[in-house]
Structures are given as structure tokens and as C-alpha cells.
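J.: Provided herewith is a single structure, encoded as C-alpha cells, for subsequent inquiry.
Spelled out as C-alpha cells, the structure:
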């Protein structure tokens, strides 16, 4: 008893006494072992959030911070990879699988004490579909060609209806943070919604940005840091009835340079950091001095690949997109397979990632354990096999070793590389060398991102490009990539109807997976889709680095999930301090 | 005085209009737009992108967009940031104070350090102090400041003496005002130091050279003869004359006060405008970019105006009134101005015509442009080489008596010869990788069985890239075979001799250094020959004639200095890239960069020329009827030689390091080709430093060696040609 008193009394940076509001009726009692309150948790982000307006925020970093303050109706359980209730307490699915009756948690309050009800949810969806507020969510909640229908049944019950049965619906429902009607409705009415909750608001009147999640804004310094504090009305508590979160301050510093971020962690200045595979060795050297652990989080969720321009059709001048001669090589399956065999991916893993990575063989990263198909076709590094495949495709090598096609055209192409990082430069130069070994001449063109995107998705004036794509989550998020009419179907986007049989097959498998409610069957469909893609290799998969995250050992309650960030449960981390 | 201000203010209006139009056009013409990022993310729909295009007016023709911006700005509304969704004035306002604090402190520190150091080096010429100061200066300009900043953070974190970044401590808001001020100061220390070090080096050397010139001037000797104390003569009389080029450069420094420093802000988490503006440029956040360009332009105009005032104050020979008197519509000058205007119109018309012409015509026009640019560049380099030749023909005998200068000439000759014979001396091509041997340390050489042999190594730990010697396993070297100076005598294609270690993909650093030297040793020469010749011509003429010529030349210079170069480069690349291959592109871009870069030099030289033209010997030459060309070459050039030699040799590392920055825009020498700048960029990662791959820093040493040799040679030449030093 005395010890506990001393602990709470001596906290070095004791913030204002926490307000004691009774826990709401619908509070969630977490099942993890209880911890102690106190302490500050510091980590870094490479970029400041540009706005705190959840509906129009475009960058991932803003989304990351907003998620700490504004939860959605559902969330993805990091362990089971299934949607679970967040603001929604429970739901029922109708017989025809087209309508969902969602019950909200009761008695919840925003951080300013205003009650949270179904009106806030209706307001949020009204705003998504408001004409003068363009936002990314409108299309996501247009299912089967029709906007999602939603209605309030009582203060804590809503009904959502989709135009067709849509399996990932509960997953998608969690995408949008629920917005406070009592704060924002007047701005939607007076037309100033889009410039509200800007970073200036966070500087001047942080309490205006009310929260429903674990944290709210304490203070914000542009370009420097944001300090979050516990939301006094948060609705989660541990078994002892202690309201979460435990920490008193969550401090996020904005450090654009990755080297500095790693250095600050390695010298004990911040509590957690993502460490790139090539930095792990030296950071680990000071693990004892500063008492931290580097957790190997397995393969990264993103994918990294090279792809060819197979865009069909003609541009405004009536010229075909891309060079028809080259397109003939690129659309040859043997050619693509030969290239896959020619890339020294084991060497890349060793030299670029210091041995800390794996070969990528599917369009869904192995990190995404639930959906990743481990049995897709594998392409081993084997230059001899590559040459065989090229012979099969009708290519031959002239006396200088240069590869030529059946008509005698020398095989050469230009690879566009956007990202100027050391890693991409190494991968690109190795690719160039590997291609030279089988007689293909590759020219590298480093471009700024804007130029690369305009060439690969607007004018389609390119041969090949190297890109990465972030991933994770339900495969329905990759619709624009997988489907042949997708805007981001890299090699040949926005096809009016599938031009090849295998693309038609992918479309069919993907569509079937969207309306399949039996999860095992859904996974099987996505497995099959990956099989087809890896057979055809429209994307030459490269390597995927392991991701590493360092965390100071004094933090308790860490429960590493199989996928995603180690910091998913910031609300239940607590600091173990030496007994006085 | 009022006339001076009025003229400057009036001339600012067309300049601002022109620059805003140019910046807008460049932004419009360079590929990509503010929605590029949205286009590349998988969960954003086409409809959303189209809605945003409409909302931002991106679907309208450029002149509609520009007029809209112009109208808004004229009413004092700087627009709205698309990425931050707030008014631009608010966004910039958030960071102005922090930026000003940092840049004013850094500028002040640089001046406070550079002037005394430069003066002391001059007074103690060739003594230990001078040598040490020089060594510091050459090191400072050879180390990329990014790396310096990173080491600064490391140092701060390890010692705990200084904060590792940010502008305030966490408890800042709860501190009393005095402690808050102290907190700001502590956080400023590191960034200010890092920013200042870079500029101290150059300023100090320029100050030293100019001071040396003026120490021997007639008035100094007279003052001494009349019994004034040494200190008074040096610090009152000589100093105010010698400081001339620094005052002009203060004008540019002032223009940068509000633009911040991307690099220091990135590494030290400092909330300045640099990162914000750079980000806006990359993302094409139109209103923010235009506001920033306008802000920079206004600061440049104010800075230059102040510099002109200060010049007149410090140097009694330069008078502002003088130039206003000659601002009459002289018929001859009016005609020549008309000609210039007509030529400009013609060029613009031709440009517009080409833009709308068929691809064939465009191609011919581009080749013509390329030919003109290359021709002009070649002419500049030719003139420079001719001058060097003439100089050496006259000077090689006295140079023999200067051991340091002679030795540095020898070093440079060796470097150039190595670069020339890289094909023979380098054991491997620059691009040959060996992924098995990434970050391989330099291989030991052992003497075995009467042959020089190369020790072989085995990888013991991939995670730290550590290698161990394999005892007894050596491969002998063979000499002069297959057209190579030396190579390994083995059938194993994977075995390597790494005299200086290997880089991250197992490429031989020694070979890459030699091949890289070809680029790095030529790029500086091409760059300085163009910038300094153009700068000398324009600056010299403007300073010599003064008045209207000076007025218009300097407004032109300001225009060129205010062009946002990133967009210019991106725009030029997209216009030129389809017609030229990468090697030609590189040459073109270097030429273009130099043709833009002369503006700063021209202003400094003009400032010095303004002072020179009132000197008795120039007046005497005029009275004798000497032609303008003769006065420029025979009277101005020798007296500007000190500044020219020092400034030129000091700007070489800027070109060598700057080229690496271009490569990632697809404009410079690109991987897998080698250049020193690119190789050093590869070494600027913490893992290289922490895991002890010291050989990766050798390109930095090579740059340092080149810089120090050029500068020592420059110093020696300066001493020889300075007529006053023979007294």
C-alpha cells in the first residue's frame, strides 16, 4: 500500500491529476493482466499529420494518429485477423446477407463529456456522401454499384444494407473513424468542414478535437511533436476497474530522416522504433546499455516488384501505348518466367538485407498469414533455366551474347525507378547485372515519383517499372490491383473487359471471394487467385525484408501480434519502474 | 536615396510578375501533379481523383489557373494548401519564427567567425595558424553537411550535453520565461553550428584573399607611413575595403533567411520552413510553392538592395547617387536595350513556336539548342584551358620555387592521369558486382614465393558483414596482362582483389574511384569555367559601366537567381530526355546549371568592379583611350584574380557533391555508373559508420585531396601573379 502511494506520488513528470469519471455501461473490460498508470511513451514518425480531419486526411501518418483518437465501429483483431467490435457492441446479419443490424456500446462519451449515439454514426455517413466534400470513403462504401444504405433504429442501434451480399463488409465498416456530430455538424452546414480540425486547430484549441478513443491531443508543435494524453472518458478498463490507457503522455516526434530515428532509439532517446534489416546489427550492440529488445516481426506486409507495360489500346494521337515489339516479348509467359529465374534474389537478400529477408513469391506477402498462399509456384535463381525458357519463347543469343527475338530485334528495355533509396538502387543495379548475364540490355532511369506515376498511369510511355505497394488486411482492399478493370492493375489497368483468360479467371475468383461468407472457402478462393497470378507472373516479385521493431524493456503488457505493428495496444502498455 | 528606393521598388513589380509566371509555368509543365500520390495508392477511386482535379482547378488551362492565382494574391490572399487543408499564410506563419531564429543565428555566427579568422589568416600568412585554418576550411567543404548533422546528433545523444533535436524540451510550456529562452538557445546550438560551419569555410578563404590584396595597397602604406598604428590600418582601413565581396554575398544570404534548410531540419527535427516548402514543391502544392517562391524573391530583392546600400557605405568609391545621375535616356543605350528586348522576344516567340510545332521540328530545334549550349560550353572551357596554358607558360618557373604549390600540381597531375588511364589501372569495370562479397574489407597483400599475393577471406557473419582471413589461401597477382596493370592470376571468376575494399554490392571501390574520377574531376572544371567566365563578363561590364547597364543587368541576375531550379530541371528533363541519351543529358544539365549559376558570381564581381572603376589606374587607362575589352582584361582581371582563384577553387567540391544530388532526379550520373559524389552519398548511412566500413569514406578523402590541391595551387598562383606582392 505504501509502495503504491510512493509510486503514484513520485512520478517525475506527473501530469494533472486524472479526472475520475464513472465507467460507462457499455465499457469493455480487457482480459490482460492489469498494470500501473504513469510514464511517458515516446516514438517517432517521419512526417507530421497534415490534418486531423479524419474524413479528408490523405497521408498514412495522419491516419495513424487519428486512429488513436477516433475509433471506427469495428476493428481488425491482430491475432485472428477477423473483424471485432469496437464502437459496435454486437451485430446480426440478415438471412439474405444484405443487411446488418449493429448495436453500439451504450453510455459512451466523447472526451468533452457529450454522449456518443447512433446520431454520430449517421452524421458520419451523411458527411461521407455529402456532395461538396469529396473523400476517399465514398467509393469504399459504394458496394455493388450503389451507396451503402444506413438508418438509425434507436439511439444505439443502426441498420446497414448493401446492394449485394458482400463478405468483407464488417471489415470495411471499420475504415472510417466516427466523427462527433455535436462538434462538426455546423461546419458541414456552413461549408467550412474541409478546413476544420487542421493542424492550426490542434495548436490553438486542442480540446476542440474531441476524442472517443484512448487518447486526445494535449499539445501540438508543428514540425516538432504531438503530445497525446489519456481521454478521461475512454471506455476500456482493466480487470481492476482501472481506466485505460495507463500511460500519462504519448509523445510522437516528427523526424523525417530515417537514420536519425534509428540513432535516437539506439541511444535510448525514444522508446520504440522501426529498425531496418541492415541496421539491426549495430543497433543491437547497445541493447544492454539502454535496456531494449529488437523484435523480429517477420516478413514485411508490403510487396516489391518489377512489372512491364502491357497496356492495350491507343493514346490521344492514335499511337499504341508502349512499343509493340517490346509488348510482344513482355506478354510472352516464358519471357517473364525466364526473368524470374534470372534474378539473383538470394544474393539480394544477403547483400541488401544483410541476410534478413525472404524471397517473395505471391502477390500477398507471407506476413499476411491468413491470406498468403505458401504453395504458389516458386522461381529459383537459375540462369541456365532462364536461358531454356528464353529458347522456348523463341529468343536466341547472337555472337556477342546479346539476346534477340525471332525477328532479330535485340532485347533491351528501360526500367523506371522512382524511389531514390539505397535499397532500390542496389536492387535495380543487381537486376541490370542479372539481365546482362542472360543477354538482355537494361537501362535504368531514376525519376521523381510524380514523373514515374504520370508515365506509368497516365501516358503509359514506359517499358518496365519498379514499385512497391503497402499491404496487409483483407484482400478486398486490393481490388484495384487484382481486377482487370482496376485503376491499379499495374501491367494493364482499366480494361473494359478482361483481355486474357487468366485475368478473367482472377476477376472471377476475386468476385467470388467477395460474396463468399464462409471464411475457409473465401481463403481457398484467394489462394487460387494467388496461384494464377504466380503462374503468370505479371509482376516480377522481388524480395521482402523482415521488419524489426525495437522496444525498451521497461514497457509491460506488450503482446506481439503475428502481423502489423508491435504498438497496436498502446492503451494497455504500462511502465515498470524500480521500487523506491 | 529616395530615388534609389523608388527605382528598386518599381522594378520589383515586373520581376515578381515574371518570376511567378515562370514558376507557375515550370510547375505546370513538369510532369506529375498534386494527385500523383493518390493515383498510386490502391484504395483511392478514379471518381475521387476527378473530383479533386475539378476542385483544385487542375482541369483548366494554365492561363486560367494562373490568372485565378494572380487575382487572389493581388487581394492579399495567398491561397490554400491542398495537403494541409489550411490557408497558406497560416501554415507558413506556424514556422516563420523558428526559421528566422535559426537562420539569423547561423548567419551571425558565420560572419562573427569568418571575418576574424580570414583576417588573422591573412595577417599570419603561411604561419601555423593560417595552415590550420586552411585545413579546417578544406575539410569543412569536403564533408557533406548531412553527415556532419548526423554525427552531431550522435554526439549529443552520447554525451547528453545538448538536446538531440527539436526546438523545445518536453516541459517547455511549464518553464518560466528565462528558462524558456535558455531552452530555445540550447536547442539552437547544434543546428546553428552545423549550418554555420559550411559557410564559414568559404567566407573565411575569400576574406583572406581579399585582405591580402588590400594589405599592400597604396593607402595602407600611406596610412602606416603617416604613423597610424598597425591595428588601426588593418582593421579600419583595410578591412572595410577587403570586405566588399562578402557584403554582396550577404545579400544572397539574406534572401535565404526564410527558406530554411531541408537537411538540418530533417536530421535535427527542427520545425523550419525548409522541409515544409520542399515537401510542397515535391507534391506540387501550388499555392504554397508560389507563396514560397514569392517570399524568397522579395527577400532576395531586399537583400540585394541592402547589400548595395552597405557597399556604398563601406567603400567610399562606390556611390549610389552616381548611378542615378546616369539614368537618363541616353539614345545609344536606349537602342541597345531595344535590341536586347527584341532578342528576348524573338527567343520567347521561337520557344512558343517550338512548343506547338511538330515533333520533327521540335527535335531539330532541340538539337540546335543543344549544339548552341554545348558550343558555348566548349568555348568557355576552351578559353579557360587557354588561360591556364598561358598562365603556366609564364609561371612554371616561379612555381618551382613554391614547394607546396608544386607538390599540389603534381598530385593533380597524378589524379588526372589515373582518371585518364582508368581502363588500364582499374582491375575491374566500375559496374561489376559480387553479391557474395558485400562490404568486403580491403584485401591484404602478402609476399609469397617471390610473388605479390592477395589474401582470401570468408564471410563469417552476414548480419554484420564480417569477414575473416582464410589462412594459407592466397592468389598471386599477375602484371601487365589483358591490357590491365594488374589482375588476379586465377580461373575463379568470383575471386577479387579489393585494394580499397568493396561497396554494398561487392563492387571494387578502387576501380570505382578511378572511373568516378573521370566525372568528378571534369565536372568542377566545366562548371567553374562557365560560371566564372559568364560571371566575370556580365559582372565586370555591369560594374564598369554602372548606371542603366548595371541596373538592367542586375535585375536580370535577380530574375535568374529567383527561378525555382528544381522545376526548371524537371521541366527540362521531360522536354529533353526523349531526344538525348543519359550521357548527353548529363552534359547538357551541367551546362544548363552553370548557365544559371553564374548569376551569383556576376553580382559579386560587379560589386568589386564598382569599386575598381574609380581607381586611378582605370581612370588613367580610360584617359589613354583604352578599349573596354582591354580595361576588363588588363586592369580588372589581375585585380580580381585573388577573388576569382579562391572562389573558383572553393566551388569545386560543390559541383562534385552536387552532382550526386542530381542523380536521383535522373539527371546526374546514375547507379551503376560511378562518381565520387554518388559513392560518398552511398557512405552517408549510420550503418557504414557503426559497423566500421571505413573504406566507404575514401571518396570523401579523394574529394578532400582534390580540393586541397586545387586550393594550394590557387594560392601559389595568386602569390605569383599578384603584382603588389613583389613590392
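Protein chains in written order, with my numbering: chain A, 2 to 581; chain B, 1345 to 2071. Cβ coordinates follow ideal geometry from the N, Cα and C atoms, glycine included.
Measuring only the C-alpha atoms, how far is residue 227 (chain A) from residue 1645 (chain B)?
T.: Taking the straight line joining both Cα atoms gives about 37 angstroms.
J.: Reducing DSSP to helix, strand and coil, say where residue 547 (chain A) ends up.
T.: Reduced to three states, the DSSP call for residue 547 (chain A) is strand.
J.: Looking at residue 506 (chain A) and the ligand SAM, is the gap between the Cβ and the nearest heavy atom below 7 angstroms?
T.: You won't find the ligand SAM in this model; it holds no ligand whatsoever.
J.: Under 8 angstroms, do residue 418 (chain A) and residue 438 (chain A) count as touching if we go by C-beta distance?
T.: Against a cut-off of 8 angstroms, the Cβ pair of residue 438 (chain A) and residue 418 (chain A) comes out as no contact.
J.: Between residue 1376 (chain B) and chain A, is any beta-carbon pair separated by less than 8 angstroms?
T.: At least one chain A Cβ lies under 8 angstroms of residue 1376 (chain B).
J.: Counting only runs of 4+ residues fully inside the stretch 176 to 252 of chain A, write out the alpha helix (DSSP H) ranges in chain order.
T.: Counting only runs of 4 or more, we get 182 to 190, 200 to 205.
J.: Would a C-beta distance cut-off of 8 angstroms place residue 1993 (chain B) and residue 2041 (chain B) closer than the cut-off?
T.: It is not a contact, given that the beta carbons lie outside the stated cut-off.
J.: What residue ranges within the stretch 1683 to 1742 of chain B form continuous alpha helix (DSSP H) runs of no fewer than 4 residues, ordered along the chain?
T.: Here no run is fully enclosed.
J.: So if I threshold CB-CB distances at 8 angstroms, which residues from the stretch 342 to 374 of chain A count as touching chain B?
T.: Listed by position along the chain: 345, 348, 349, 351, 352, 353, 355, 356, 357.
J.: Do you know whose CA, among A:148, A:155, A:272, lies nearest residue 46 (chain A)'s CA?
T.: Comparing Cα-Cα distances from residue 46 (chain A) to each of A:148, A:155, A:272, the minimum goes to A:272.
J.: Mapping the DSSP letters down to three states, classify residue 1659 (chain B) as helix, strand or coil.
T.: Coil at residue 1659 (chain B), not helix or strand.
J.: Bridge partners of residue 1797 (chain B), per DSSP?
T.: Paired residues: B:1790, B:1820.
J.: At a Cβ threshold of 8 angstroms, is residue 135 (chain A) touching chain B?
T.: It does; some Cβ of chain B falls within 8 angstroms.
J.: Whose C-alpha, out of A:163, A:298, A:250, A:268, is nearest the C-alpha of residue 567 (chain A)?
T.: When only C-alpha atoms are compared, the closest one is A:298.
J.: Based on the DSSP output, what are the partners of residue 152 (chain A) in its beta bridges?
T.: DSSP lists A:160 as partners of residue 152 (chain A).
J.: Check each candidate in B:1443, B:1781, B:1589, B:1763 and name the one with the smallest Cα separation from residue 1985 (chain B).
T.: Checked all of B:1443, B:1781, B:1589, B:1763; the closest Cα to residue 1985 (chain B) is B:1589.
J.: Report all residues from its chain with a CB closer than 6 angstroms to the CB of residue 1603 (chain B); omit the five preceding and five following residues, and keep chain order.
T.: Excluding positions up to five away in sequence, the list reads 1640.
J.: Which residues of the stretch 438 to 458 of chain A have a Cβ closer than 9 angstroms to any Cβ of chain B? Give them in chain order.
T.: Result list: 444, 445, 446, 447, 448, 449, 450, 451, 452, 453, 454, 455, 456, 457, 458.
J.: Less than 8 angstroms between the beta carbons of residue 231 (chain A) and residue 246 (chain A), yes or no?
T.: Yes, these two residues count as a Cβ contact at 8 angstroms.
J.: Is it the case that the stretch 1725 to 1743 of chain B contacts the stretch 1873 to 1884 of chain B, given that we only count it when at least three CB pairs across the two stretches are under 8 angstroms?
T.: Result yes; three or more Cβ-Cβ pairs closer than 8 angstroms.
J.: I need the straight-line Cα distance from residue 1449 (chain B) to residue 1720 (chain B), nearest angstrom please.
T.: If I take the Cα positions, the gap works out to 41 angstroms.
J.: Would you kindly report the start and end of the unbroken alpha helix (DSSP H) that includes residue 1455 (chain B)?
T.: Looking at the DSSP string, the run of the alpha helix (DSSP H) that includes residue 1455 (chain B) is 1432 to 1467.
J.: Please state whether the Cβ-Cβ distance between residue 1708 (chain B) and residue 1366 (chain B) is less than 8 angstroms.
T.: Not in contact: residue 1708 (chain B) and residue 1366 (chain B) (Cβ atoms no closer than 8 angstroms).
J.: Considering only the beta carbon of each residue, do residue 55 (chain A) and residue 71 (chain A) sit closer than 8 angstroms?
T.: It is a contact, given that the beta carbons lie within the stated cut-off.
J.: In chain order, what are the residue ranges of uninterrupted alpha helix (DSSP H) at least 4 long that sit wholly in the stretch 1482 to 1564 of chain B?
T.: You should have 1489 to 1503, 1521 to 1559.
J.: May I have the straight-line CA-CA distance separating residue 1665 (chain B) from residue 1981 (chain B), to the nearest angstrom?
T.: Confidence at residue 1665 (chain B) is low in this model, with a pLDDT of 48, below 50, so its placement is unreliable and no value can be given for it.
J.: Who are the near neighbours of residue 328 (chain A) in its chain, counting only those whose CB is closer than 6 angstroms to its CB and skipping five residues on each side?
T.: Cβ within range, chain order: n/a, list empty.
J.: Whole alpha helix (DSSP H) runs in the stretch 330 to 392 of chain A with 4 or more residues, listed along the chain?
T.: Listed in chain order, they are 334 to 343, 346 to 354.
J.: Going by alpha carbons, who is nearest to residue 32 (chain A) out of A:570, A:577, A:576?
T.: The shortest Cα separation from residue 32 (chain A) among A:570, A:577, A:576 belongs to A:570.
J.: For residue 201 (chain A), would you say it is in contact with chain B, using Cβ-to-Cβ distances shorter than 8 angstroms as the test?
T.: Interface residue, yes.
J.: What residue from A:82, A:124, A:158 has the CA that sits closest to residue 1 (chain A)'s CA?
T.: Because chain A in this structure spans residues 2 to 581, residue 1 (chain A) falls outside the shown range and cannot be described.
J.: Quick check on the DSSP output: the beta strand (DSSP E) that includes residue 297 (chain A) runs from which residue to which?
T.: Residue 297 (chain A) -> beta strand (DSSP E) spans 293 to 300.
J.: What are the boundary residues of the beta strand (DSSP E) that includes residue 444 (chain A)?
T.: Segment 442 to 447, the beta strand (DSSP E) holding residue 444 (chain A).
J.: Classify residue 2070 (chain B) as helix, strand or coil using the three-state DSSP reduction.
T.: Because residue 2070 (chain B) sits at a pLDDT of 48, beneath the cut-off of 50, its placement in the model cannot be relied upon, and the point is left open.
J.: Taking Cβ to Cβ, would you say residue 2031 (chain B) is nearer than 8 angstroms to residue 280 (chain A)?
T.: Contact flag set, yes.
J.: Between the C-alpha atoms of residue 1324 (chain B) and residue 74 (chain A), what's the straight-line distance to the nearest angstrom?
T.: Because residue 1324 (chain B) is not part of the residues shown, which for chain B are 1345 to 2071, the question remains open.
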